[in-house]
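Everything on this sheet refers to the single structure shown next.
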């Protein structure tokens with residue numbers, strides 16, 4: 001399965017541009033989405049990923065959280081997941 005993106009309502013480039021309430025809302029929403037995605041895709045774990053800035057691999061200039069359902073053996077190396085969320 002592919003990942004799901006969770007974005008704040010206000011488009012900002014970096015996490016530090018969000019106010020505390022927006023950060024809380026973003027992660028609470030990512031948690032809720034993760035629960036649904038994990039169940040729907042019969043996952044046993046989740047990867048939450050944010051690339052915050054160009055050196056972190058951010059290619060889209062707005063904050064978003066990747067929510068990726070996981071299962072045992074879904075990637076040959078756990079670090080391969082980062083290619084999935086590019």
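Residue numbers (full-length UniProt numbering): 1 to 86.
Idealized CB from N, CA, C, for every residue including glycine.
How big is the Cα-Cα spacing for residue i and residue j?
i	j	result
residue 34	residue 62	20 Å
residue 121	residue 38	There is no way to answer for residue 121, as the model of the chain reaches only from 1 to 86.
residue 75	residue 83	10 Å
residue 14	residue 21	15 Å
residue 57	residue 51	5 Å
residue 79	residue 43	18 Å
residue 9	residue 2	22 Å
How would you call residue i, buried or exposed, if buried means at least 16 neighbouring beta carbons within 10 angstroms?
i	result
residue 54	exposed
residue 66	buried
residue 60	exposed
Spell out the partners DSSP gives residue i in its beta bridges.
i	result
residue 66	5, 49
Contiguous beta strand (DSSP E) assignments of at least 3 residues, all confined to the region 2-55: 4-6, 45-49
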